[in-house]
Amino acid sequence: MNREYSIAVLAGDGIGPEVMREALRVLDAVETKYGFGTQREERPVGGAGIEACGKALPDDTLKACESADAILFGSVGGPQWDSLPPDERPERAALLPLRKHFDLYANLRPGVCLRELTEASPLKNQLIEGGIDILCIRELTGGMYFGEPKFYGERNGELIALDTMIYHRREIERIAHIAFQAAQERSGRLCSVDKANVLSSSVLWRKVFTELAGQYPKVQLTHMYVDNAAMQLVRNPQQFDVLVTENTFGDILTDEMAMVCGSLGTLPSASLGARGERTFGLYEPSGGSAPDIAGKGIANPIAQILSLAMLLRFSLREIAAADAVEHAVRSVISDGFRTKDLATGAANERIVTTAEMGEAIAAAI
Ligand code: IPM
Ligand code: MG
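Just so you know, we're using the numbering used here here: the sequence shown kicks off at 140 and counts up by one.
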């Protein structure tokens, strides 16, 4: 076999392992069909890392990621670990260091609501007739998540907590180029979301975007305040094509976008950096570990499977395989297969388990 890749598989906690199983099943199917192979290095991360090695991001897990072509990530966190000190929790001690370590600054989250799934959206159907197709680009290694100083503790006898929202020009420039290029490849409409009426970091954000717009004459750049964007996403989501925003705003808006598109369980993501000639990336569902439904066989594996498709597209450059995965997902949806989160009670629906959904998608490859 001439095309052989290595993937670090980090299923993590909650529904992570069960949806990961389905993504790997789909990977088996595309490998057979398109004639390539993957070496899969499965490693514990998050709460599973704490249980296995006393650390949310065990050294050996990080090493496996370093020697891989890409990381397929499940989800981390759960109530068992919520009482740990804030900086030891799985979310902060596993996922954020991975993003930072590999400089995965560009987070692509496609918010797609297929025509067949408009019923699953909580919005009135006339608002989203024909479906939704938004690409949200979230800056992922700057802003409040990583800004220093960061502090939690006592000062002068009182408990205080501090986060710092900071952006450097170069951080904004590099995500802006990603966003302008993405808009250029789509409809040419780019909406940059900030809070420039209040935050200095947003004033700089807007200034850099406005300056760079000159280099992309085919892109029509608009700006929107984040509170308005949150409102517009439920008022008229179809006005958006490419959205770009800083780390924290992107976190919030993409959960909203996912729900508007029908379910958190369908939204994949790619967190990209640059390393060598191929794009290195971490691919994960945008939703969380959903501990409340873990182990019940009802979790929707589609976000994990579509994250695999993004991995095939961006890191492995197996474009035909990526297209096939996305096509298979669309076809089982149009055949009526629905996990519980997508059920609307429509006549042609077939409510299936996590594994049945994975099997159906693998069979459609
Ligand atoms: C996300 C998640 C993470 C984030 C958490 C788990 C740290 O909510 O990827 O959107 O806040 O970035
Ligand atoms: Mg989030």
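For glycine and all other residues, C-beta sits at the position ideal for the given N, C-alpha and C.
Simplified DSSP state of residue i, which is helix, strand or coil
| i | result |
| --- | --- |
| residue 355 | coil |
| residue 153 | coil |
| residue 307 | coil |
| residue 272 | strand |
| residue 388 | helix |
| residue 488 | coil |
| residue 477 | strand |
| residue 538 | This structure leaves residue 538 out entirely; the chain is present only between 140 and 504. |
| residue 419 | coil |
| residue 176 | strand |
| residue 241 | coil |
| residue 313 | helix |
| residue 406 | coil |
Short Cβ contact (8 Å threshold) for residue i with residue j
| i | j | result |
| --- | --- | --- |
| residue 283 | residue 386 | yes |
| residue 256 | residue 274 | no |
| residue 165 | residue 464 | yes |
| residue 276 | residue 383 | yes |
| residue 271 | residue 378 | no |
| residue 186 | residue 216 | yes |
| residue 433 | residue 467 | no |
| residue 333 | residue 373 | no |
| residue 438 | residue 404 | yes |
| residue 358 | residue 322 | yes |
| residue 535 | residue 330 | There is simply no residue 535 to check, as the chain begins at 140 and stops at 504 in what is shown. |
| residue 421 | residue 201 | no |
| residue 454 | residue 208 | yes |
| residue 168 | residue 440 | no |
| residue 471 | residue 500 | yes |
| residue 345 | residue 335 | yes |
| residue 278 | residue 389 | yes |
Residue i Cβ short of 7 Å to the ligand IPM heavy atom set
| i | result |
| --- | --- |
| residue 405 | no |
| residue 243 | no |
| residue 234 | yes |
| residue 427 | yes |
| residue 216 | yes |
| residue 230 | yes |
| residue 393 | yes |
Candidates the options, of which the one nearest residue i by Cα
| i | options | result |
| --- | --- | --- |
| residue 314 | 410, 181, 174, 195 | 410 |
| residue 184 | 203, 177, 174 | 203 |
| residue 480 | 467, 470, 436 | 436 |
| residue 141 | 494, 457, 503, 461 | 457 |
| residue 291 | 297, 301, 242 | 301 |
| residue 477 | 460, 495, 461 | 495 |
| residue 396 | 224, 304, 252 | 252 |
| residue 343 | 353, 355, 360, 312 | 312 |
| residue 354 | 328, 319, 407, 470 | 319 |
| residue 460 | 472, 473, 444 | 444 |
| residue 191 | 229, 209, 222 | 229 |
| residue 339 | 160, 306, 349, 243 | 306 |
| residue 145 | 153, 180, 356 | 180 |
The ligand NAD heavy atom lying under 7 Å from the CB of residue i
| i | result |
| --- | --- |
| residue 431 | In terms of ligand content, the structure shown lacks the ligand NAD and carries the ligand IPM and the ligand MG instead. |
Residue span of the alpha helix (DSSP H) that contains residue i, given as start and end
| i | result |
| --- | --- |
| residue 451 | 441 to 453 |
| residue 190 | 186 to 192 |
| residue 371 | 365 to 374 |
| residue 500 | 493 to 502 |
| residue 505 | Within the shown structure, residues of the chain are numbered from 140 to 504, placing residue 505 beyond reach of any answer. |
| residue 234 | First-last for residue 234: undefined, no H or E at that position. |
Segment limits, beta strand (DSSP E) that includes residue i
| i | result |
| --- | --- |
| residue 246 | 245 to 252 |
| residue 411 | 409 to 411 |
| residue 333 | 328 to 333 |
| residue 214 | 209 to 214 |
| residue 267 | Looking at the DSSP string, residue 267 is not in any beta strand (DSSP E), and its letter there is neither H nor E. |
| residue 255 | Where residue 255 is concerned, there is no enclosing beta strand (DSSP E), given that its DSSP letter is neither H nor E. |
| residue 291 | 290 to 294 |
| residue 297 | 297 to 301 |
Residue i CB to nearest heavy atom of the ligand MG below 7 Å
| i | result |
| --- | --- |
| residue 462 | no |
| residue 390 | yes |
| residue 152 | no |
| residue 302 | no |
Short CB-CB distance (under 8 Å) between residue i and chain C
| i | result |
| --- | --- |
| residue 489 | Absent from the structure: chain C. Only one protein chain is present. |
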